[in-house]
Structure formats: structure tokens, C-alpha cells
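One structure is given here, and the rest of the page talks about it.
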Amino acid sequence: MKFLARGKGQHSMRQRAIRNLTNLDTTRASVTRILDAAAGGKNHFEVDSDAVRRYDEAVPVTGFAARAVLRYLARVVSHLAGSGIDQFLIIGSGVPSALPPGHQLHDIARDASVASDVRVVYVENDPMVLASAHVTIERVHDLVRVVEGDIRQIDEMLADEVVARFIDWERPVGVLLLSTHSLSDDELASFVIKRLRHAVVDGSYLALLQTTFDGIPAELLPAINDLLAMTLPGHVIRTRAEVAALLDGLELLEPGLVWVPLWRPDGLDSPCADQPSSSGNYGAVACLP
939 MKFLARGKGQ HSMRQRAIRN LTNLDTTRAS VTRILDAAAG GKNHFEVDSD
989 AVRRYDEAVP VTGFAARAVL RYLARVVSHL AGSGIDQFLI IGSGVPSALP
1039 PGHQLHDIAR DASVASDVRV VYVENDPMVL ASAHVTIERV HDLVRVVEGD
1089 IRQIDEMLAD EVVARFIDWE RPVGVLLLST HSLSDDELAS FVIKRLRHAV
1139 VDGSYLALLQ TTFDGIPAEL LPAINDLLAM TLPGHVIRTR AEVAALLDGL
1189 ELLEPGLVWV PLWRPDGLDS PCADQPSSSG NYGAVACLP
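Residue numbers for the sequence shown follow my numbering, beginning at 939 and rising by one.
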């Protein structure tokens, strides 16, 4: 693999960062920036912080839930890297600014792997995340790439030059699908998972993250649903049964489909451990294809 010369690469990254920032809409919240705000990051706007405050007024666990999600992702990457996976495709919010330097997912993959050349490709569609990641990650990590893409256009995403060439698709890949909330119906979500299954070889893995309201008390559901419609229209919520249906036919690693704090807890930091349902997210890791 030939990498861009550092000077040329930095110039290209600055151009992309400027282009992405011009596409920012500071008047509408995004799930990526809400996660960042809730976890204590810096890549968000007042509208995102305001959304976090509104959710906390209804169910005061948003910050704990965000940190539980980040810890889940860290454990998944660490486990897969320790199991021999040395290349990752992370689709969705994999680079929140709340993760400190040296503790991003690509750092965790590198530290947990015996390989010296672990490669990570992040696919993002939020302009702020893209701009920040191009400048703070790509410019200092030759083995990390950040690609503008949308899981709803799965074929175009897989055909991207970086995705197609930076990853060796003849060897196992760890795929983290973190943006199922953007897949508007189960038919599309099933197609995306099937497409990813067909793209990888035996020995690959698919990690899934899905927002749910299963843990919300029934009396609070009307208010939460109204708030979701106002802050994140189009954000898809699924029940456990609906998520299980998407994973039907896949071999899940233990402990299966669970609340994210319950997926192989390591005891280091356990947000929502006492009440796993307050994490508001299910997680699972499946063997592929």
C-alpha cells in the first residue's frame, strides 16, 4: 500500500475539512454530535447540548448511556483485535471527541493486536466529525483513513476507493455497524447486513449497535417519542425482537444480543452497570459471513 506524501496528504485533508465544514447545519441536532455532547466531547453545537438537556429532563441518564456505548465499542474492538483481526471498517460515530488522545478505537485496536500494521477505516457522514477526524487523525496516522459515506448507500460506500483498496478484502475484517438508527426500515437494514456479509471472507465479524426505548418506563414513552421527533426526526428505534430479527441466521458471540453494558464487561469502567437498560442501546457481535 502506497500512502500519500505527507505534504500533499495534509493539503488534501485541509481541503476536505473546509468542504465538510461548509455543509454544517448548526440549527439541527445530529445523533453523532448528541453522543459527543453527552459523553463530554467538544465536537457539537448548542442545539446538540440543548437536546441532551431535554432528554436528561425526561430520563436523566444520557451521559451515562453515552459512556456505556463508548465502553462497549472499546471492548468490541479490543476483543476482535486480540482475536487476530487487524483491519476494521467502522461505520458511524466511531470517533467522538470525548475519547481522549491515545484511546480512540484505532488506538485500542493497535494496542490489543499482535500485528504492527492494524488498519482502520472510519466511514462518517457528519461534517463536523469528518473535518475534525481528517485533521486530528489522518494527518498523524498512516494506517487510519476517514471516508465520507452513508450506510444508506451501501454499494457506493463499499465502492469508495479508500474502502475498496485500503482494506484487504481477501482477509478477515472487523465491521462495526454503528448507524443502524439511520436505516429507515427493517428491509433496508437487512439488505445492508446481507451486503456486508457478502463483502467479507470467512473469519470476519460484524458488531452491531442499535438504539432502543425498551428500557423507558411506559409512562414516559409519549414524551420521549415527541422529543425524538423534534430533535432527531428519522432516527429509527427498534425493540429487541426487531434487532434479533436483523441478526437471524448469524452466529453471535457470547453473550449474544444484550444491553451494551452486559457485552463482556471488563470491570474497568461500567456506566449503567447497575441498570443496563438505562444505556438505551443493544449490542451484539456476529461471526461472518
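Where is the CB? At the ideal position from N, CA and C, for every residue including glycine.
#### Entry: Rounded straight-line distance, which links the Cα of L1096 to that of E930
Look at the range of the chain in this structure, 939 to 1227, and you will see that residue 930 is not part of it.
Would E1076 pass as a contact of L1068 if the rule is Cβ separation under 8 Å?
For E1076 and L1068, no; Cβs fall outside 8 Å.
Exercise. Where DSSP assigns a beta bridge to L1147, which residues make up the other side?
Worked result: G1221.
Residues that G1112 bridges to, as DSSP identifies them: Under DSSP, G1112 forms a beta bridge with F1026 and Y1143.
Start and end residues, alpha helix (DSSP H) containing E1125: D1124 to A1137
I want to know whether the region 978 to 994 touches the region 1032 to 1039 - three or more CB-CB distances under 8 Å. yes
**Message:** Quick check on the burial criterion: 16 or more other C-beta atoms within 10 angstroms. Buried or exposed for V1139?
**Reply:** exposed
#### Entry: Backbone CA spacing between R944 and R1083 [nearest angstrom]
In this prediction, R944 scores a pLDDT of 37, lower than 50, which makes its location untrustworthy; no coordinate-derived value is stated.
Inset, instruction - Tell whether a beta-carbon distance below 8 Å holds between G1001 and A976. - result: yes
- Message: My parser needs the beta strand (DSSP E) runs of 3 or more residues fully inside the region 1013 to 1057; what are they?
- Response: Those beta strand (DSSP E) runs which fall completely within the region 1013 to 1057 and span 3+ residues are 1025 to 1029.
* Asked: Going by beta carbon distance, what residues of the same chain come within less than 8 Å of L1166, once the five residues before and after it are set aside?
  -> H1173 and I1175
- By a C-beta neighbour count over all protein chains shown, 10 Å radius and 16 as the cutoff for buried, is L1195 buried or exposed? buried
Open item on the list: Is it the case that the region 1007 to 1016 contacts the region 1195 to 1210, given that we only count it when at least three CB pairs across the two stretches are under 8 Å?
Closed with: As far as the Cβ criterion goes, the region 1195 to 1210 touches the region 1007 to 1016, which means the pair count is three or higher.
- Rounded to whole angstroms, how far is the Cβ of F1104 from the Cβ of R1048, which I believe are closer than 8 Å? Contact flag wrong, Cβ pair sits at about 16 Å.
Use the C-beta contact count for V1078: other C-beta atoms within 10 angstroms, 16 or more gives buried, fewer gives exposed.
-> exposed
Using 10 angstroms around the beta-carbon of F941, count the other beta-carbons present and answer buried if the total reaches 16, otherwise exposed. A caution first: F941 carries a pLDDT of 40, below 50, which makes its placement in the model unreliable, though a value can still be read off. Result: exposed.
So if DSSP puts E1062 in a beta bridge, which residue, or which two residues, is it bridged to? E1086
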